[in-house]
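Numbering (the working numbering), first residue to last: 5 to 324.
By construction, the Cβ of each residue, glycine as well, lies at the ideal position given by its N, Cα and C atoms.
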């Protein structure tokens, strides 16, 4: 887990009081089996999780669920004011955790409603009626900046090592489902590419950086792709291309780069390269690595996944 995570993570009282643990040991506790189970149980018991379950099952519309969240936030504002920890930030935090948990449980084909919910929520702005100014959590605007979503999704993404051969099937499925969800969210995001030399503003729903992290692990690894073909990292790389190839190729066409601190540089096999984001050369290396993995693949499910990724990669290039 990156060192900055422990510094920026927000702990609303309802989901961080487990065993009255100090915050500096909370992450260690989460990574125990009991800690994880208790944390998930608290997420499941939240109003936000139950509401999103109904959205996924089409028992409640996306619009109604978003309005319910807005109502909860405004109620918290009237009770606690705009600045109290565990006040207006709590529904935002809880709904981010609920989305992450459901995304990991659901197969990619069932992510559509979650993507619709987050996309609709991000278009809303919560206004403080006493000031007529947008409400903010830790300096970020509710909900255009999606204050809690960024760090909850990164913490969730870092939960497993996708190059670990000992991951069990449940862990593999959860990590694959998470990446498929982030890919679909990224493809659906309203993204504007700024002209050169202008300040870049990244959409909070654009997870293209995590796509690079995934590709670097699976397709730029010091180990050849043929040795990684059965790992979760390779599956996730394929899912990113299957669900977001057009967006990733648009990043290439627009030379999308990231600050050095973002970690968008090359994997160990290409350490000498100066990449800081998306380039045509890098895109070609990803394609070649997938072809190499496909040539050595013996598992039918995996080679079909790689075939799907290659087809989507080529289709994404043609469509733009």
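Counted within 10 angstroms of its Cβ, other Cβ atoms place residue i as buried (16 or more) or exposed
i           : result
residue 83  : exposed
residue 50  : buried
residue 204 : exposed
residue 136 : exposed
residue 97  : buried
residue 222 : buried
residue 75  : exposed
residue 156 : buried
residue 134 : exposed
Three-way DSSP call (helix, strand, coil) for residue i in this model
i           : result
residue 194 : coil
residue 269 : coil
residue 61  : coil
residue 159 : helix
residue 138 : strand
residue 309 : helix
residue 77  : helix
residue 303 : coil
residue 120 : helix
residue 144 : strand
residue 218 : helix
residue 154 : helix
residue 72  : helix
residue 132 : strand
residue 39  : helix
residue 278 : coil
Top-ranked residue by Cα proximity to residue i, from the options
i           : options               : result
residue 59  : 118, 173, 275 and 156 : 118
residue 271 : 216, 234, 301 and 211 : 216
residue 197 : 260, 299 and 173      : 260
residue 106 : 239, 122, 142 and 56  : 56
residue 68  : 110, 124 and 188      : 124
residue 297 : 66, 99 and 233        : 233
residue 2   : 290, 153 and 291      : Because the chain is modelled from 5 through 324, residue 2 falls outside the range shown and cannot be assessed.
residue 176 : 219, 238 and 157      : 238
residue 218 : 292, 100 and 243      : 243
residue 231 : 288, 251 and 299      : 299
residue 329 : 273, 142 and 290      : Residue 329 lies beyond the residue range present for the chain, which begins at 5 and ends at 324; the question has no answer from this structure.
residue 293 : 268, 263, 275 and 226 : 226
residue 310 : 262, 274, 229 and 285 : 229
residue 100 : 126, 78 and 171       : 126
residue 61  : 169, 110, 247 and 144 : 110
Contacting residues, own chain, Cβ-Cβ under 6 angstroms from residue i (five flanking each side not counted)
i           : result
residue 128 : 147
residue 245 : 313, 316 and 317
residue 277 : 270
residue 249 : 316, 317 and 320
7 angstroms Cβ shell around residue i - same chain, five flanking residues per side excluded
i           : result
residue 321 : 253
residue 193 : 207, 209 and 210
residue 122 : 103, 189 and 209
Heavy atom of the ligand MG within 7 angstroms of residue i beta-carbon
i           : result
residue 120 : What this structure holds is no ligand at all, so the ligand MG is not there to describe.
Own chain, CB closer than 8 angstroms to residue i, minus 5 neighbours either side, in chain order
i           : result
residue 131 : 137, 138 and 139
Measuring CB atoms only, is the stretch 248–258 touching the stretch 278–289, in the sense that at least three cross pairs come out at less than 8 angstroms?
yes
The stretch 98–115 / the stretch 167–186 touching (three or more Cβ pairs under 8 angstroms)
yes
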